[in-house]
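Just so we're aligned: the sequence shown equals residues 24 to 361 in the numbering used here.
Ideal placement from N, C-alpha and C gives every residue a C-beta, glycine not left out.
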Amino acid sequence: MIRSRPHTLRAGVLCLVVLAAPAACRPGVGTVSTNEILHAAEPDGPIVARIGAREIHADEIGPLAAVALELRRELGLSANAPTSAGEALALALEPVVLAATGADLVDDPAVREQARRLLARLFLTRVIEPRADRPATPEDLAGVLDAEIRRYAASASSDFFEPSLVCAAVLFVGLRPDLLAPSGKRAARLTPEDARAVAEDFRRRCGERVLDLDRFLSLARAAASDHPTVRLEEFPLIGVDPLLAGKLHPELHRVLIGLDGNGAVSPVVAFEGGFAVIRRGAFRAGHHETVETAREHLLQKLRHQRRAAALRQALDELRAARGVATYPERLPKGEASP
Numbered sequence: 024m025i026r027s028r029p030h031t032l033r034a035g036v037l038c039l040v041v042l043a044a045p046a047a048c049r050p051g052v053g054t055v056s057t058n059e060i061l062h063a064a065e066p067d068g069p070i071v072a073r074i075g076a077r078e079i080h081a082d083e084i085g086p087l088a089a090v091a092l093e094l095r096r097e098l099g100l101s102a103n104a105p106t107s108a109g110e111a112l113a114l115a116l117e118p119v120v121l122a123a124t125g126a127d128l129v130d131d132p133a134v135r136e137q138a139r140r141l142l143a144r145l146f147l148t149r150v151i152e153p154r155a156d157r158p159a160t161p162e163d164l165a166g167v168l169d170a171e172i173r174r175y176a177a178s179a180s181s182d183f184f185e186p187s188l189v190c191a192a193v194l195f196v197g198l199r200p201d202l203l204a205p206s207g208k209r210a211a212r213l214t215p216e217d218a219r220a221v222a223e224d225f226r227r228r229c230g231e232r233v234l235d236l237d238r239f240l241s242l243a244r245a246a247a248s249d250h251p252t253v254r255l256e257e258f259p260l261i262g263v264d265p266l267l268a269g270k271l272h273p274e275l276h277r278v279l280i281g282l283d284g285n286g287a288v289s290p291v292v293a294f295e296g297g298f299a300v301i302r303r304g305a306f307r308a309g310h311h312e313t314v315e316t317a318r319e320h321l322l323q324k325l326r327h328q329r330r331a332a333a334l335r336q337a338l339d340e341l342r343a344a345r346g347v348a349t350y351p352e353r354l355p356k357g358e359a360s361p
């Protein structure tokens with residue numbers, strides 16, 4: 024019985040879908056709307072074959088032969104390209120014959136459901152894909168990378184991006200114990216001149232480079248002893264990208280990244296709450312931090328984003344055009360998605 028031949032059934036349904044919209048499967052046609060699929064031009068060229076009432080035109084041979092080869096490959100059959108016009112015509116007739124045979128199955132609910140799925144897939148392939156596959160500009164890719172870095176900053180995870188990280192130790196000299204700048208309600212504990220003098224004295228003791236972190240920490244603890252406005256903080260993993268500076272002040276982050284290698288000590292840096300001296304520590308290189316190195320990942324992500332956006336737009340337009348109404352309040356309580 025026919026029901027015992029799932030491959031034949033699948034092929035017949037696929038051919039019915041393809042033959043229902045022949046212009047949609049012509050190579051090179053960049054269909055961009057449902058209207059263009061439904062109102063495509065009729066086949067042109069001389070009639071080269073007839074199967075019952077179905078007329079096969081010359082310009083249909085290529086697309087139909089391509090469908091036949093695709094079906095053959097799906098079924099694990101020989102799928103050699105035709106070497107002559109006659110072979111191409113014979114190959115093109117295969118999906119038409121299968122479709123005509125499969126037409127007897129259209130009353131089967133399973134076949135109708137399969138046909139709906141194939142038509143939906145055809146729409147996605149011929150409408151959504153062309154929008155997603157348009158060329159990507161450098162600005163497009165830079166925007167995707169920036170968004171991925173921001174996602175990493177929020178979640179500490181990424182499919183491909185891994186940031187370069189650097190360690191830092193910072194001696195803060197604040198105008199107040201909490202390092203906040205003085206205001207009308209916050210009095211300063213030190214004048215800016217006195218705070219800078221404390222920081223400059225510490226910087227002089229360190230010099231331009233302190234290779235031993237413990238020595239830097241020891242000098243910092245000595246400077247902080249019995250001094251309420253001096254504080255030592257360590258930052259074990261700071262992203263080199265400014266978006267990944269974390270709690271480190273942007274100005275201090277800029278100075279840190281500009282320091283020359285492990286152990287380098289910054290000059291005294293002024294910031295909103297006072298002054299700071301920064302020691303740069305160990306560095307760990309990242310991956311795919313630039314558009315050039317992450318290009319393939321960015322293109323893949325951009326295509327995915329474009330597909331999703333095009334699908335949302337198409338579905339919104341189709342729902343509006345067809346007057347789709349839903350009644351979620353009628354759903355059984357506790358229904359879960361599949």
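Segments of 4+ residues assigned as alpha helix (DSSP H) that fall wholly inside the region 150-217:
152-155, 161-178
Quick check: the region 302-322 against the region 191-201, are there 3 or more CB pairs under 8 angstroms?
-> yes
Excluding five sequence neighbours on each side, which residues of the same chain lie with their C-beta closer than 8 angstroms to the C-beta of N285? Numbered from its first residue, the sequence shown carries residue 285 at position 262. L234, R303, G304, A305, F306.
- What are the residues that DSSP puts in a beta bridge with F239? Reading the sequence shown from its first residue, position 216 is the one you call residue 239. Its beta-bridge partners do not exist; DSSP assigns none.
Given a cut-off of 8 angstroms, decide if V119 and I79 are closer than it, judged by their beta-carbon atoms.
Translated into positions along the sequence shown, residue 79 becomes position 56. Translated into positions along the sequence shown, residue 119 becomes position 96. Cβ atoms of I79 and V119: closer than 8 angstroms.
Along the chain, where does the beta strand (DSSP E) that runs through V362 open and close?
No answer is possible for residue 362: the residues shown for the chain start at 24 and end at 361.
Next on the checklist: Can you tell me where the alpha helix (DSSP H) holding P132 begins and where it ends?
Outcome noted: Working through the sequence shown from its first residue, we reach residue 132 at position 109. Start and end: 132-146.
| How far does the beta strand (DSSP E) with H253 in it reach, from first residue to last? | Here the question's residue 253 lines up with position 230 in the sequence shown. The sequence given here places Val at residue 253; His does not occur at that position. 253-262 is the extent of the beta strand (DSSP E) around V253.
Next on the checklist: Quick check: the Cα distance between L321 and V167, rounded to an integer number of angstroms?
Outcome noted: As a position in the sequence shown, residue 321 is number 298, starting the count at 1. As a position in the sequence shown, residue 167 is number 144, starting the count at 1. Roughly 6 angstroms separates the two Cα atoms.
- request: Reducing DSSP to helix, strand and coil, say where A348 ends up.
  value: Taking the first residue of the sequence shown as position 1, residue 348 is located at position 325. It is coil, neither helix nor strand.
For R154 versus R342, is the C-beta spacing smaller than 8 angstroms? What you label residue 154 is simply residue 131 of the sequence shown in a count that begins at 1. What you label residue 342 is simply residue 319 of the sequence shown in a count that begins at 1. It is not a contact, given that the beta carbons lie outside the stated cut-off.
Start and end of the beta strand (DSSP E) containing E78?
For the purposes of this step, residue 78 is taken as residue 55 along the sequence shown, with counting starting at 1. From DSSP, the beta strand (DSSP E) with E78 extends over 77-80.
Practice problem: Please determine if the region 176-190 and the region 307-315 are in contact, where contact requires at least 3 C-beta pairs separated by less than 8 angstroms. | Solution: yes
Checklist entry - From the DSSP output, which residues share a beta bridge with V292? => result By 1-based counting over the sequence shown, the position of residue 292 is 269. Answer is A299, bridged to V292.
- prompt: For R199, is the classification buried or exposed, using 16 other Cβ atoms within 10 angstroms of its Cβ as the cut-off for buried?
  reply: Taking the sequence shown and counting its residues from 1, the one referred to as residue 199 is at position 176. It counts as buried.
*Can you name the residues that DSSP bridges to R232?*
Taking the sequence shown and counting its residues from 1, the one referred to as residue 232 is at position 209. DSSP, once it has assigned bridges, lists A287 as partnering R232.
Check your understanding: What's the gap between the Cα of L240 and the Cα of A159?
Key -> As a working note, residue 240 is residue 217 in the sequence shown. As a working note, residue 159 is residue 136 in the sequence shown. Cα to Cα, the separation comes out at about 49 angstroms.
| Quick one: what's got a C-beta closer than 8 angstroms to R212's C-beta in the same chain, skipping five residues either side? | Locating residue 212 in the sequence shown gives position 189, counting from the first residue. Closer than 8 angstroms at the Cβ level, and outside the excluded window around R212, lie G197, L198, R199, P200, P251, T252.
- Where does H310 fall in DSSP's three states? Here residue 310 refers to the residue found at position 287 when the sequence shown is read from its first residue. DSSP places H310 in strand when its eight states are reduced to three.
Open item on the list: Check whether the region 225-234 and the region 284-299 are in contact - that is, three or more C-beta pairs closer than 8 angstroms.
Closed with: yes
Requested in this report: Within the same chain, show all residues whose beta-carbon is closer than 8 angstroms to that of L123, passing over the 5 residues directly before and after it, in chain order.
Outcome: As a first step, residue 123 must be located in the sequence shown, where it is residue number 100. In the sequence as displayed, the identity of residue 123 is Ala instead of Leu. Excluding residues within five positions, the ones whose Cβ falls inside 8 angstroms are I74, G75, R77.
Please report the distance separating the alpha-carbon of E256 from that of P205. Position 233 of the sequence shown, counted from the start, is the residue given in the question as residue 256. Position 182 of the sequence shown, counted from the start, is the residue given in the question as residue 205. Approximately 21 angstroms, taken between the alpha carbons.
(message) Assuming R335 and L266 are in contact, meaning their beta carbons sit under 8 angstroms apart, how far apart are those beta carbons, in whole angstroms?
(response) The sequence position of residue 335 within the sequence shown is 312, counting from 1. The sequence position of residue 266 within the sequence shown is 243, counting from 1. At roughly 27 angstroms, the Cβ-Cβ gap does not stay under 8 angstroms, so R335 and L266 are not in contact.
- In whole angstroms, what separates the C-alpha of G85 from that of V134? Residue numbering aside, residue 85 sits at position 62 when the sequence shown is read from its first letter. Residue numbering aside, residue 134 sits at position 111 when the sequence shown is read from its first letter. About 27 angstroms.
- Residues that DSSP places opposite A72 in a beta bridge: Locating residue 72 in the sequence shown gives position 49, counting from the first residue. Answer is I79, bridged to A72.
Could you pull the start and end residues of the alpha helix (DSSP H) that R95 belongs to? Counting from 1 along the sequence shown, the entry for residue 95 is found at position 72. Segment 84-97, the alpha helix (DSSP H) holding R95.
Measuring alpha carbon to alpha carbon, tell me which residue in A222, D169, P259, D283 is nearest R232. For the purposes of this step, residue 232 is taken as the residue at position 209 of the sequence shown. Here the closest residue by C-alpha is D283.
Item to check | Burial state of H327 (16 or more Cβ within 10 Å) | outcome: The residue labelled residue 327 in the question sits at position 304 within the sequence shown. So H327 counts as exposed.
Measuring CB to CB, does G68 end up less than 8 angstroms from A88? Within the sequence shown, the letter at position 45 stands for residue 68. Within the sequence shown, the letter at position 65 stands for residue 88. No, Cβ-Cβ distance for G68 and A88 is not below 8 angstroms.
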